[in-house]
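Novice: Structure incoming, see below.
Shown next, in the form of structure tokens:
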């Protein structure tokens, strides 16, 4: 069995400002660094063999803190970067509603149907992420794998591994430094944990 630990990055400066990040290279806040440390402590006894991470700084720095805590190798890749939000990146909710109201409402209600110039579709995001994830699975049979990435990317990975349609994207929420676990068993991939942040209860 392969056990996949899916981890969203810690709080970033733009998370605090409620700005769309996408592939912009934002940094962790002091709280975000502390959140990553708590995640590392949680994973010490999970027998993780290897960590894969997005190369964007907020994810990579989260993964590096975890890697230092559990003393496991770290591999970064642009394949599991966050969705490319193009012209939305750097805008807050108020600005999005002012400049892209119809498209932003579509993203919130039916994100799988958003088709906008310069913005990566969920289907393209899934194809990008799952190609990398499937290769990781092939290379790490019977191992425990940690993947540190971003909200949108992790949600499409979960749906992809479970064989679910992208229309269910809107029904999943992943908090900063949340942990979700999928077990790749002989006959099925099984979600055993979703968006768990119990390791952060002391710093909420």
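Numbering (the numbering used here), first residue to last: 3 to 206.
Every residue gets a Cβ at the ideal spot worked out from N, C-alpha and C, and that includes glycine.
(1) Give every residue of the same chain whose Cβ lies closer than 7 Å to the Cβ of residue 180, excluding the five residues on either side of it in the sequence, and list them in chain order.
(2) In the DSSP assignment, the alpha helix (DSSP H) including residue 2 goes from what residue to what residue?
(3) At a cut-off of 7 Å, is residue 107 close to the ligand ADP when judged by its beta-carbon and the heavy atoms of the ligand?
(4) Contact defined as beta carbons within less than 8 Å: I believe residue 64 pairs with residue 38. What is the distance between those atoms, to the nearest angstrom?
(5) Ordered along the chain, which non-local residues of its own chain (more than five positions away) have a Cβ less than 8 Å from that of residue 79?
(6) Do residue 154 and residue 195 have their C-beta atoms within less than 8 Å of each other?
(7) Would you call the segment 17–30 and the segment 84–99 in contact, with 3 or more CB pairs under 8 Å?
(8) Is the distance from the Cβ of residue 160 to the Cβ of residue 182 below 8 Å?
(9) Can you say whether residue 157 is buried or exposed, counting buried as having 16 or more other CB atoms within 10 angstroms of its CB?
(10) Please confirm whether residue 50 and residue 148 have their CB atoms less than 8 Å apart.
(11) Between residue 44 and residue 77, what straight-line distance do the alpha-carbon atoms span, to the nearest angstrom?
(12) Between residue 16 and residue 101, what straight-line distance do the alpha-carbon atoms span, to the nearest angstrom?
Specialist: Put simply:
(1) Cβ contact annotation for residue 180 (same chain, cutoff 7 Å, sequence separation greater than five): 10, 197, 198, 199, in chain order.
(2) In the structure as shown, the chain begins at 3 and stops at 206. Residue 2 is therefore absent and cannot be evaluated.
(3) You won't find the ligand ADP in this model; it holds no ligand whatsoever.
(4) 4 Å
(5) Excluding residues within five positions, the ones whose Cβ falls inside 8 Å are 54, 55, 56, 57, 134.
(6) Their beta carbons are not under 8 Å apart, which means residue 154 does not touch residue 195 by this criterion.
(7) yes
(8) In this structure, the beta-carbon distance from residue 160 to residue 182 falls below 8 Å.
(9) buried
(10) For the pair residue 50 and residue 148, the CB atoms are nearer than the 8 Å cut-off.
(11) 20 Å
(12) The C-alpha of residue 101 is placed about 19 Å away from the C-alpha of residue 16.
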